[in-house]
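In my numbering, the protein residues as written are 262 to 304. Idealized CB from N, CA, C, for every residue including glycine. These notes are about the structure you will find just below.
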């Protein structure tokens, strides 16, 4: 029983790390797009 719970907790931790990494990547892409838009508008 306990090993099942531990297994699920490990899976959950792995998924959380994956989601956090994807969110960081998304934020970086947004920042790049904003910079590109500013450069494109000539500001």
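**Message:** Rounded to whole angstroms, what is the Cα-Cα separation between residue 301 and residue 293?
**Reply:** In a straight line, the C-alpha of residue 301 is about 12 Å away from that of residue 293.
**Asked** Under a three-way DSSP split, which group does residue 294 fall into?
**Response** Note: residue 294 maps to helix in three-state DSSP.
**Asked** Helix or strand or just coil, what does DSSP make of residue 303?
**Response** Coil.
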